[in-house]
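Shown next, in structure tokens, is the structure this report addresses.
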Amino acid sequence: MQCRVDVAVMIGSGVPAGLRAMGRSVCWVVLLNGERRGTAFASRDEAEECKAAWLEQLNIEPGDSLH
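Numbering-wise (the UniProt record's numbering), the sequence shown opens with residue 1 and increments by one.
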């Protein structure tokens, strides 16, 4: 099985209401095999930290696949 962890950007109506209420029109999310995991982040740095935690938990290096 291949495992992929990515950071994706959400814009406009895709941004959760709570972030939109704070004036945010952009957020970042972590995807595991194309499915959103966890919360939306107000900064890309926060999302990248979460991605790194997922990679560590899955015990894979960035760019590698889990088989």
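Glycine included, every Cβ here is placed at the ideal spot set by N, Cα and C.
Next on the checklist: For C27, report the span of its beta strand (DSSP E) as first-last.
Outcome noted: Numbered from 1 along the sequence shown, position 27 holds the residue referred to as residue 27. First-last of the beta strand (DSSP E) with C27: 26-32.
Item to check | Boundaries (first-last residue) of the beta strand (DSSP E) holding A42 | outcome: Reading the sequence shown from its first residue, position 42 is the one you call residue 42. Premise fails: A42 is in no beta strand (DSSP E) and is neither H nor E.
Checklist entry - What span of residues does the beta strand (DSSP E) with V7 cover, start to end? => result In the sequence shown, residue 7 corresponds to position 7, counting from 1. From DSSP, the beta strand (DSSP E) with V7 extends over 5-11.
Checklist entry - With burial defined as no fewer than 16 other Cβ atoms inside 10 Å of the residue's Cβ, what is the status of V30: buried or exposed? => result Walking along the sequence shown from the start, residue 30 turns up at place 30. When all chains shown are included, V30 counts as buried.
Item to check | Proximity winner among L58, N59, A52, T39, relative to V15 (alpha-carbon distances) | outcome: As a working mapping, residue 15 is identified with position 15 in the sequence shown. Per the Cα distances, T39.
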